[in-house]
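Trainee: Once you've had a glance at the structure underneath, I'll fire off some questions.
In the working numbering, the protein residues as written are 342 to 524.
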């Protein structure tokens, strides 16, 4: 409930800001295409052709220095491995404050760095079913607020996320009927 209200508020604010002529907009598109076999014999029946584009847009308000950012995947069923054609990754407003920043909306907050499985990367949700060229492209944001205060050479961050979306694990055909034993 709260996350939906936050997202709707961020979208309405972005629409109001977009209507003002003082916004300097930037946009980008990154496209990908591939061939996927999902561990089946390579023949015409098991091959998938994922097609996708990562769309991004952002801008800054001149007098206030508020920064807006949005990013979404659009693609075919083979890319998402589901019946969908788009997924919002990020949509936030970043507001500069005296000595810090406040970021409100859907955001990807990586925390730490490790190869593939990262125990410190707890604020980021992933969809391992998306057929992306790189695992970082499988990240999607969660709705919330991040505040950063700078104290000399240090920075203190605080994050409030009322709800986090679960990470989607890869679907492995045949495992849905495996009986698990209790020990």
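Glycine residues also receive a C-beta, built at the ideal position from the N, C-alpha and C atoms.
Identify the residues that DSSP records as bridge partners of residue 417: which are they?
Mentor: Its beta-bridge partners do not exist; DSSP assigns none.
Trainee: Please determine if the region 427 to 443 and the region 409 to 419 are in contact, where contact requires at least 3 C-beta pairs separated by less than 8 Å.
Mentor: Yes, since at least three Cβ pairs between the region 427 to 443 and the region 409 to 419 fall closer than 8 Å, the two stretches touch.
Trainee: Measuring CB to CB, does residue 469 end up less than 9 Å from residue 429?
Mentor: No, the pair does not count as a contact, with Cβ atoms beyond the cut-off.
Trainee: What residue does the beta strand (DSSP E) around residue 483 start on, and which one ends it?
Mentor: That run of the beta strand (DSSP E) goes 483 to 492.
Trainee: In terms of residues, what are the limits of the beta strand (DSSP E) holding residue 501?
Mentor: Residue 501 -> beta strand (DSSP E) spans 495 to 501.
Trainee: Based on Cα-Cα distance, which residue from 494, 480, 507 and 490 lies nearest to residue 395?
Mentor: Nearest C-alpha to residue 395: 480.
Trainee: Might you give, ordered along the chain, the residues of its own chain that have their beta carbon closer than 6 Å to the beta carbon of residue 464, omitting 5 neighbours on each side?
Mentor: Cβ neighbours of residue 464 beyond the five flanking positions: 450 and 452.
Trainee: Kindly list the residues whose CB is nearer than 6 Å to the CB of residue 472, restricted to its own chain and excluding five residues on each side of it in sequence; keep chain order.
Mentor: So the qualifying residues of the chain are 377, 391 and 420.
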